[in-house]
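Numbering (the numbering used here), first residue to last: 9 to 171.
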């Protein structure tokens, strides 16, 4: 992603293109292969833009995250880090019900931060991720609970009648 794409997206959503937003966006683009904390970005920016504030960096990063341009990455107990969203990574993730087989696609925003982290620690340029999470869907869980309730009720009635 380029600085131009970020600025166009800000303009499309009617955000003012302030020098602070431009500076933070440019710093994120320059560091696109790294995961950085807001404080690390702030330290870099402060060298060239002494008037920029840490709160402004945080607010701008939050805005870029909300617009889907930057990923917020939380790794373990460490500080929150940020990275430019990689539009070149294709992510396929689904929830699959073990009972009925229903597949529910998930939004790729959930795995993209993990992809960035894996790329950062491994050195790989990741191009595709496939994740299949299996479990029991709400409809099947409800049906199972209702079935269990009927058999429990029937069992209680039979036990009462036998007394």
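Here a beta-carbon is modelled for each residue, glycine too, at the ideal position from N, C-alpha and C.
(request) Along the alpha helix (DSSP H) that carries residue 50, what are the first and last residues, could you check? (result) Looking at the DSSP string, the run of the alpha helix (DSSP H) that includes residue 50 is 46 to 56.
(request) Determine, using beta carbons only, whether residue 46 and residue 90 come nearer to each other than 9 Å. (result) Between residue 46 and residue 90, the C-beta gap is smaller than 9 Å, which places the two residues in contact.
(request) Could you tell me which residues DSSP puts in a beta bridge with residue 73? (result) Answer by DSSP bridge pairing: none, since residue 73 is not bridged.
(request) Label residue 81 either buried or exposed according to how many other C-beta atoms from any shown protein chain fall within 10 Å of its C-beta, with 16 as the threshold for buried. (result) Classification of residue 81: buried, given that the 10 Å Cβ count is 16 or more.
(request) Rounded to whole angstroms, what's the CA-CA distance from residue 142 to residue 127? Just pull it up for me. (result) One Cα belongs to residue 142, the other to residue 127, and the distance between them is close to 25 Å.
(message) Tell me which residues share the same chain as residue 52 and place their Cβ nearer than 7 Å to its Cβ, disregarding the 5 neighbours each side in the sequence.
(response) Residues of the same chain with a CB within less than 7 Å of the CB of residue 52, apart from the 5 flanking positions on each side, are 35 in chain order.
(request) Note down the Cα distance separating residue 114 from residue 131, rounded to an integer number of angstroms. (result) Using only the alpha carbons, I get a separation of about 26 Å.
(message) Taking only three categories from DSSP, how would you classify residue 16?
(response) Three-state DSSP puts residue 16 in a helix.
(request) Could you please give the first and the last residue of the uninterrupted alpha helix (DSSP H) stretch that includes residue 80? (result) Element bounds for residue 80: not the alpha helix (DSSP H) but the beta strand (DSSP E), 78 to 81.
(request) Label residue 79 either buried or exposed according to how many other C-beta atoms from any shown protein chain fall within 10 Å of its C-beta, with 16 as the threshold for buried. (result) Of the other Cβ atoms in all chains shown, 16 or more fall within 10 Å of the Cβ of residue 79; this residue is therefore buried.
(request) Consult DSSP for residue 90 and reduce its assignment to one of helix, strand or coil. (result) In the displayed model, residue 90 falls within a strand according to three-state DSSP.
(request) Could you name the residues of the same chain whose beta carbon sits closer than 6 Å to that of residue 121, not counting the 5 residues immediately before and after it, in chain order? (result) So the list reads 79, 81, once near-sequence residues are dropped.
(message) Among the candidates 60, 123, 48, whose CA atom is the shortest distance from the CA of residue 87?
(response) The shortest C-alpha separation from residue 87 is found at 48.
(message) Within a Cβ cutoff of 8 Å, which residues of the same chain sit near residue 3, ignoring the five residues on either side of it in sequence?
(response) With the chain covering 9 to 171 only, the question about residue 3 has no answer from this structure.
(request) Quick one: residues in its chain with C-beta nearer than 7 Å to the C-beta of residue 25, no 5 flanking neighbours on either side, listed in chain order? (result) Within the same chain, residue 25 has close Cβ partners 15, 18, 19.
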